[in-house]
Each structure stands twice: as structure tokens, then as C-alpha cells.
DNA sequence: TCAATATCTCAAGAGTTATTGATTTATTGA
DNA sequence: TCAATAAATCAATAACTCTTGAGATATTGA
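Chains as they are written, first to last, in full-length UniProt numbering: chain A, 1 to 120; chain B, 1 to 120.
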């Protein structure tokens, strides 16, 4: 993740419809959802509008697509999301760990369900 | 951090000059830097251009300002940065911890300098 | 109070982004 | 092959963002 990719990812996430699409796809899991279903979830957005935003997200690397019959299935690109966080945090920590320590705590609380699998 | 604030923060971070300002201020530490010095670091950007971007960043909550004599000192709003990460991660984890586990690892490696000060 | 310094505000214009509606391409099943 | 379905593309336009340059405001020291 370099500056150019980060700028593109932030731009993608700065639009309401696209941010909602990303959140929807993240919760939908690795299997993803067909474009039509995503459009219905976005107050029935038109196909051209969905296509515009989905291709924007795909170009930014935050989502991936695959054809399945007549449908195109979109899914969250989890490593890209992690990479974006890494990019932000990498900058945050330059000499000032107090910035990201609360974020680490929040993440740890969220992702590690109170068990001692810290070696994962 | 709600959706509206996150959108504003992402929009702020999606512009090259502003992303660089945030990175500069984060590494500058809590004391911050005067607007003029930031402008010089941005290939000598004009005062009106700096003012535009700095006020954008301030409205998004990512930086704070205070007057000190003739200068206005800008500094990174560290809790807002943490909050943005939290917002992204909160969404990422809904049923899919595999998304943020790599990010947690990267953060932990970055912020905790291989000592056992985990109680900080 | 005056000049110098630091920064902000404002208006205009260029460039970019999002939406709409119409059309096109790809896939499937009859 | 034909009709139906799913999604992408295209052109036009509205809306927003960034930069520039001129001028205004706030602070300091002489």
C-alpha cells in the first residue's frame, strides 16, 4: 500500500453509497453478493449507478468481482482493508505510539474474543 | 464516530496535500506546527491554499488548532484518528475476524516495541 | 500608531465526480 | 435462435472541489 493506493482507497470510502457498499460486503463475508442484490440494498439504486460505484471500488482495490452465470458477484478485498489500516497506523506510530495504542486496544477487543490465542 | 464523521474524515484523507499534512502533523507530535511551516513543507503552498486544506482538516476533526502569537499552530487530533480506525474495524469484524486480525498484528508490532509493557 | 508578519476570507474559473436515461453486451433457458 | 435477465457503457448535465490572486483581519514590536 503506497500513497497513491491509499489516496484512491480513501476517495472510494469518502462517498456515502460506496462506504455502505463496502460495509455491506464486509459483513456479507468472502462469498460476496451479486450486483443486483447490492443495488436493492442501496434503496434500489439504478444499474448504471451501481456499476459506476462498484467499478470505482474495484479500481481502488477495496472489492473484487467474479462472474457467476448472469450475475457479477462482488466481495470485500479483506487484505486491502487491512493494508489501508496498516498504512494509516504506520504513519501514526512514527515516534508517537500513544496515537495508535487506543486503536490497538479497540481492535484487539473486537477481533480477539477474550481468549488467549495471541499466537495466531 | 458515526457514518457522517467517517465520510468527512475519509474525504479529508483522500486529497494528496491533506494526507501529507496529516502525516506530517502526526510525526510532529502533540505540539504541532505553525501553518507557515506546514506550507513550506508542502512545496511552498500559498497561504490561501494551506488555509483551505487546514480548515477542511479541522472541520473533519482530524486536526486541531490554537493561536500562539502571530502563528496558528496545527496539531494532529490523535483520538479522531484512532476513532476512524475503530469505525472501519468495527464494521470489518461483524462476523469476520479474519479481516482485522492481520491489521491487529501489524499495529501491535508497530506500537508495542517488543517489550512487556502491555499494561500501558 | 505604524509597519511588518502570519493567517484567513472571498470570488472566479478550471477540473473532477455523481446521477440519469438510453443503449449495448453477456448469459441463460425455452 | 429468440426472449428474458443481469450488468456495463455512453453522453449529457448538475454538483462539488481545488487553485489562484486580491484583499481583509489579527498580532507584535518599534
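Idealized CB from N, CA, C, for every residue including glycine. Bear in mind the structure is a predicted one, so any value in this text is a computation, not a measurement.
Residues of chain B whose Cβ lies closer than 8 Å to the Cβ of residue 52/A do not exist; the shortest such Cβ separation is about 17 Å.
The beta carbon of residue 58/B does not come within 8 Å of any beta carbon belonging to chain A, so the residue lies off that interface. Boundaries for residue 68/B: no alpha helix (DSSP H) harbours it, while the beta strand (DSSP E) harbouring it runs 63 to 68, taken from the DSSP string. Runs of the alpha helix (DSSP H) lying entirely within the UniProt domain "HTH arsR-type" (1 to 96) of chain A and spanning at least 4 residues, in chain order: 3 to 13, 16 to 28, 35 to 41, 47 to 59, 78 to 92.
At the C-beta level, residue 14/B and residue 10/A come within 8 Å of one another.
The Cβ atoms of residue 41/A and residue 63/A do not sit closer than 8 Å to each other. With a threshold of 8 Å between beta carbons, residue 85/A makes contact with chain B. Around the C-beta of residue 86/B, 16 or more other C-beta atoms lie within 10 Å, and the residue is accordingly described as buried. Counting the other CB atoms within 10 Å of its CB gives residue 44/A a total below 16, which places it among the exposed residues. The C-alpha of residue 1/A lies about 15 Å from the C-alpha of residue 57/A.
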